[in-house]
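A short worksheet on the structure shown next.
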Amino acid sequence: IGDASSAFSEAAYPVAQKIDWGKSTTIAKYLAETSAKDPKGVAKAVDALLESGLSMDPALVKAAVQAHEKALKSAAGAKGLMTSKADFAAVNEALARMI
-13 IGDASSAFSE
-3 AAYPVAQKID
7 WGKSTTIAKY
17 LAETSAKDPK
27 GVAKAVDALL
37 ESGLSMDPAL
47 VKAAVQAHEK
57 ALKSAAGAKG
67 LMTSKADFAA
77 VNEALARMI
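Quick note on the working numbering: the sequence shown kicks off at -13 and runs consecutively.
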């Protein structure tokens, strides 16, 4: 998992750097439009997400939350709200291990 998530992070980081996370209205717009068009579908998706979370190892979920928290802290104040490459990789590995 570590090698695969590292390879993913190496390939994905340059793409993620191109997004201005502080001004990315595309994601917010998509979520708002999808919620408005199909609120029951969104609710089902959220429910499925929560159900899958319940089946995961709590220690791995906690590790993923902690990796996200660290990445968010390093992104605060950074250009485009982009976290460091190391924190980006740590989040991806934590998610891969959790899933």
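For each residue, glycine too, the CB sits at the ideal point set by N, CA and C.
Are the beta-carbon atoms belonging to residue i and residue j less than 8 Å from one another?
i, j, result
"A72", "S(-8)", "no"
Taking residue i as the reference, give the member of the options with the closest Cα.
i, options, result
"H54", "E79, D24, I(-13), V1", "E79"
"V1", "G(-12), T69, R83, V28", "T69"
Can you tell me whether residue i is buried or exposed, with buried defined as 16 or more other CB within 10 angstroms of its CB?
i, result
"M42", "exposed"
"S(-5)", "buried"
"T20", "exposed"
"V77", "buried"
Quick check: is any heavy atom of the ligand SAM less than 7 Å from the C-beta of residue i?
i, result
"L17", "Of the ligands one can find in the structure shown there are none, so the ligand SAM has no counterpart to examine."
In angstroms, rounded to a whole number, what distance separates the CA positions of residue i and residue j?
i, j, result
"L35", "I5", "25 Å"
"A94", "V32", "Only positions -13 to 85 of the chain appear in the structure, and residue 94 is not among them; the question remains open."
"E37", "A82", "17 Å"
"G66", "S60", "12 Å"
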